[in-house]
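Numbering (the working numbering), first residue to last: 11 to 709.
Idealized CB from N, CA, C, for every residue including glycine.
Accompanying notes for the structure given below.
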Ligand code: SF4
């Protein structure tokens, strides 16, 4: 690899999108944190420092591949690959209808790719069957924010505000492992005398740093928050003036919270009554409070209700839209923010437009130069599309871009079976993921430092991901793959260019006047200003680092309290499955591990998933570190080494989800969906431990 001089670009992994400087050549590429980028300010985590390893890794796919008659993936030409895909699409749509061809995208794709993929589904394939893996990540918080504020931007304020808040509540997020450079804001906040409250069933590295760690029973966030509100209302510590002026629906919240007296909440959540009162008073007395949620409360079958409860807390305290205050969710995937704005969601058109909205359809149809009636309506959400693959009425030919649902979906063993039942599976990726290994055709695509594009970080800051090197010979960008596929399908006129800037210019037009308005953002502006916050409706507009300062983008300008009673998770421990199972991430790996499992330094830190159990559970079972156990849920079993840890509750097991196949945590998880966001319940299900192996002896 030859990197011409030094290139400033961004880390390929999480939504912090740390600025990096990359330079050098084969074998000696060096990566350093970009001290001028205002988000990470020079800091990187171990994943970012080692990211260059993936660029010329020996596992890289450098030729299209197709499955031979004896079931082996063999190299074929690009012409052959595109033609086989075109023939499969035509055959499936002829025999089963247009929606029988589906597209599955990713929150890792650039804005340009997410936009083009959504357009390709609606204009290139005329199918409603498109969704993406962000449904497994951000959908609950996004739905809650849209309902409450009329707009979803993960953080409606810059990260710098976090450092200035008097109290920060972080619920179900472990940034110390997942986004270490973000810790500098929390460190600065505490150095100024601020208080950090971490709500998490585990005493994570982040919770270790907290002023107050609230360890709750998994799946009980909403009950805890209504307990806090009960105390705040009882002690007249809510902001009545703000509630009257800027919100609607508080009386429903008051009525519901009345029944969540603290000793009842203690029985539900396991959080002592005294601690509930202490936390409520801490919040009620603070002049500025930021409430942040991570995947803990969101990846549940009541994920929207949980996120809404935390939003209600911030609204009742009068904090949303005030300086150094408010509610935000910590987006996970690299482009988890932009990826949920530009049309790869089943119900969405670019700019966060609703595909059911006649005005939005007309506007986008004009940019796409198609008849509005030709744009399909909403399709099925990710888990619903995946769980009906190959079935009558389901998708029979699927194109996957940058995602690995065989490992990332809940109840992934079932999803693997459904993927295998497809008539035709196409996967575009740079490594042979567990999903790509099942494909009929695999397309080798360019990755982060090999292509231009924009990403939108967790703050809503649109940034420029610059290319530092060319992709290996034989590898194409996803934009070029989509252009060639459209041409093969006779739709080339609608996809004339694979140049990222051309696609971005079209995206700008398509989002003009929309909630996520990018029309005033250009590559040049991003470079000059080190990122631009959307909405940014004109070249002269300064961008919008802070939202909701004066009003909310709702019909009457007020925020809404959405109130839903606490509901237990779909599965709770019982006699047969006596513990909670919760899944999550580790410092050394990212999402399904398709990249990070190939990086030796990261593998040395964590080479396989270990089942974390409490010392009391370990004593009861007679196991110690390194012994193996079988974890069994109602869906599957898996054998894992034990890691005894006093950092988690006695009633739970924690398992990281970065591995596939036999080591997949998601073979165990529950696909019960949130009724609004359609988020699966990754964070809570019931599990039992048996099949103990100690010193080579099976019990
Ligand atoms: Fe930064 Fe996230 Fe990359 Fe780590 S993984 S360097 S926190 S962007």
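Which residues DSSP lists as bridging residue i, in chain order
i           : result
residue 466 : 472
residue 363 : 359
residue 65  : Partner(s): none; residue 65 has no beta bridge.
residue 455 : 486
residue 77  : 83
residue 102 : Bridge partners of residue 102: none, in fact.
residue 3   : In the structure as shown, the chain starts at 11 and stops at 709, and residue 3 therefore has no counterpart that could be examined.
residue 329 : The partner list for residue 329 (beta bridge, DSSP) is empty, contrary to what the question assumes.
residue 666 : 594
residue 115 : 142
residue 408 : 112, 435
residue 648 : 641
residue 543 : 471
residue 653 : 622
Residue i classed as buried or exposed, judged by whether at least 16 other C-beta atoms fall within 10 angstroms
i           : result
residue 240 : buried
residue 10  : Examination of residue 10 is not possible in this model, given that the chain is present from 11 through 709 alone.
residue 251 : exposed
residue 273 : exposed
residue 474 : buried
residue 426 : buried
residue 550 : exposed
residue 685 : exposed
residue 611 : exposed
residue 614 : exposed
residue 82  : exposed
residue 444 : buried
residue 166 : buried
residue 368 : exposed
residue 708 : Per-residue confidence for residue 708 stands at a pLDDT of 45, beneath the threshold of 50, marking its modelled position as unreliable; no derived number is given.
residue 35  : exposed
residue 469 : buried
residue 624 : buried
residue 104 : exposed
Local conformation of residue i per DSSP, three classes
i           : result
residue 551 : coil
residue 252 : helix
residue 690 : strand
residue 624 : coil
residue 702 : strand
residue 512 : helix
residue 8   : Since the first residue shown for the chain is 11 and the last is 709, residue 8 is missing from the structure and cannot be characterised.
residue 643 : coil
residue 638 : strand
residue 167 : coil
residue 339 : strand
residue 681 : strand
residue 43  : strand
residue 709 : Because residue 709 sits at a pLDDT of 43, beneath the cut-off of 50, its placement in the model cannot be relied upon, and the following sentence gives the value as read from the coordinates. Here residue 709 sits in coil by DSSP.
residue 559 : coil
residue 505 : coil
residue 29  : strand
residue 477 : coil
residue 417 : helix
Proximity test, residue i beta-carbon vs ligand 1 heavy atom, cut-off 8 Å
i           : result
residue 50  : yes
residue 129 : no
residue 223 : no
residue 20  : yes
residue 27  : yes
residue 344 : yes
residue 550 : no
residue 664 : no
residue 446 : no
residue 600 : yes
residue 572 : no
residue 59  : yes
residue 195 : no
residue 340 : no
residue 4   : Past the edges of the chain, shown from 11 to 709, lies residue 4, and the structure says nothing about it.
residue 24  : yes
residue 596 : no
residue 482 : no
Item checked: Residue ranges of each beta strand (DSSP E) within the region 205-246, 3 or longer -> 205-209, 222-224
Item checked: Residue ranges of each beta strand (DSSP E) within the region 273-307, 3 or longer -> 299-303
Next item on the list: Tell me the start and end of each unbroken beta strand (DSSP E) in the region 569-612 that is at least 3 residues and wholly inside, in chain order.
Entry: 589-594
Notebook entry, point to check: Which runs of the beta strand (DSSP E), 3 residues or longer, sit entirely within the region 419-449?
Noted result: 434-439
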